[in-house]
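Heads up: the sequence lines are chains A and B, in that order.
Sequential numbering of the first sequence, starting at 7, is according to our numbering.
Sequential numbering of the second sequence, starting at 2, is according to our numbering.
Notes to accompany the following structure.
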Amino acid sequence: GENVEQHPSTLSVQEGDSAVIKCTYSDSASNYFPWYKQELGKRPQLIIDIRSNVGEKKDQRIAVTLNKTAKHFSLHITETQPEDSAVYFCAASKSFGNEKLTFGTGTRLTIIP
Amino acid sequence: GAVVSQHPSWVICKSGTSVKIECRSLDFQATTMFWYRQFPKQSLMLMATSNEGSKATYEQGVEKDKFLINHASLTLSTLTVTSAHPEDSSFYICSAPKASGRSSYNEQFFGPGTRLTVL
């Protein structure tokens, strides 16, 4: 089955700096890669996703890149703000989002004011 | 966007009792729903795929006789934790795929989760 690895497990950055979180996946059939932000006790919130037919996607301060050959994808957050502090999970799925998600282990991001 | 609800939001029960958790898609029909479990400070792990009108598909290591799933309608899936024990204490979250308003593709919509504490 699919295996998703995520690094780093914790990340602290100064407010205004950029944060990068990286994930690798094992199943070449995976074609949907969402990123979620989760606050304590809450449901995961989708912040951005990418499908295997594109290599990069951007939404304001958030961007995701995908390298299908190397089977890795990354989340980039620019101009970080204190409200970006949370746990972030990457995930992988087949069938463009219709099937089960395999999650990474999570990254606790702390923005230092 | 699509809304998925769960009930109850939290439950405390005694060891050996059974607990039922409901997952509802409020504004769309879901032939498939997914049940995840999240232990403190850990990731979400898929337990099973719930299929409307047929048997659920369980992930390796998840006991189907302990975690009973019923997907009797296109808007409701239930997870029953039978003979619950303290080690079953966790955050249980369901999700269902639906086309998002942002693209023609599907995305997973998550319920708010149910925190189960077994004493």
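We put the CB at the ideal spot given by N, CA and C, even for glycine.
Item to check | Contact set between the segment 47 to 67 of chain B and chain A, restricted to residues whose Cβ is under 7 angstroms from the partner | outcome: 47 and 50
Next on the checklist: Is it buried or exposed, residue 111 of chain B, if we count other Cβ atoms within 10 angstroms and call 16 or more buried?
Outcome noted: buried
Next on the checklist: Could you compute how far the alpha carbon of residue 116 of chain A sits from the alpha carbon of residue 9 of chain B?
Outcome noted: 31 angstroms
Checklist entry - How should residue 112 of chain A be labelled, buried or exposed, when 16 other C-beta atoms within 10 angstroms of its C-beta is the threshold for buried? => result By the neighbour-count rule (16 or more Cβ atoms within 10 Å), residue 112 of chain A is buried.
Checklist entry - If you draw a straight line from the alpha carbon of residue 19 of chain A to that of residue 73 of chain B, how long is it in whole angstroms? => result When rounded, the distance between both Cα atoms is 47 angstroms.
Item to check | Nearest candidate by alpha-carbon position, reference residue 81 of chain B, set B/120, B/48, B/42 and B/33 | outcome: B/48
Checklist entry - Over what stretch of residues does the beta strand (DSSP E) that includes residue 92 of chain B continue unbroken? => result 91 to 100 is the span of the beta strand (DSSP E), which, as asked, contains residue 92 of chain B.
Checklist entry - What residues in the segment 32 to 46 of chain A bring their beta carbon closer than 9 angstroms to a beta carbon of chain B? => result 38, 40, 42 and 44
Checklist entry - Of all the CB atoms in chain A, is at least one closer than 9 angstroms to the CB of residue 33 of chain B? => result yes
Next on the checklist: For residue 24 of chain A, which residues in the same chain have their Cβ closer than 8 angstroms to its Cβ, ignoring the five residues on either side in sequence?
Outcome noted: If you ignore the 5 residues before and after residue 24 of chain A, its C-beta comes within less than 8 angstroms of the C-beta of 82, 83, 84, 85 and 86, all in its own chain and listed in chain order.
Checklist entry - Taking the alpha-carbon positions, what's the residue 100 of chain A to residue 67 of chain A distance? => result 27 angstroms
Next on the checklist: I'd like the list of long-range same chain contacts for residue 88 of chain A, defined as Cβ closer than 6 angstroms, with 5 residues on each side in sequence excluded.
Outcome noted: In chain order, 117 and 119 place their CB closer than 6 angstroms to the CB of residue 88 of chain A, counting only its own chain and leaving out the 5 sequence neighbours on each side.
Next on the checklist: So if DSSP puts residue 62 of chain A in a beta bridge, which residue, or which two residues, is it bridged to?
Outcome noted: A/71
Checklist entry - Does the beta-carbon of residue 39 of chain B have 16 or more other beta-carbons within 10 angstroms, so that it is buried, or is it exposed? => result buried
Checklist entry - When the cut-off is 9 angstroms and only beta carbons count, does residue 21 of chain A lie next to chain B? => result No, its Cβ sits nowhere closer than 9 angstroms to a Cβ of chain B.
Checklist entry - How would you list, in chain order, the residues of chain B whose beta-carbon sits under 7 angstroms from the beta-carbon of residue 112 of chain A? => result 44
Next on the checklist: Which residues in chain A have a C-beta closer than 9 angstroms to the C-beta of residue 108 of chain B? List them in chain order.
Outcome noted: 38, 40, 52, 55 and 103
Checklist entry - By the 10 Å Cβ neighbour count, where 16 or more other Cβ atoms means buried, how is residue 120 of chain B classified, buried or exposed? => result exposed
Next on the checklist: Within 9 angstroms of any Cβ in chain B, is that where the Cβ of residue 107 of chain A sits?
Outcome noted: At a cut-off of 9 angstroms between beta-carbon atoms, residue 107 of chain A makes contact with chain B.
Checklist entry - Rounded to the nearest angstrom, how far is the Cβ of residue 38 of chain A from that of residue 102 of chain A, given a contact under 8 angstroms? => result 5 angstroms
Checklist entry - In three-state DSSP terms, what is residue 101 of chain A? => result helix
Next on the checklist: Give me the chain D residues within the contact set of residue 70 of chain B, using Cβ-Cβ distance strictly less than 8 angstroms, ordered along the chain.
Outcome noted: In summary, chain D is missing from the structure at hand, where the protein chains are A and B.
Checklist entry - Can you list the residues of chain B that residue 95 of chain A reaches, using a CB-CB cut of under 8 angstroms? => result 44 and 45
Next on the checklist: Quick check on this structure: which residue in A/22, A/36, A/26 and A/59 has the alpha carbon closest to the alpha carbon of residue 14 of chain A?
Outcome noted: Considering only alpha carbons, the answer is A/26.
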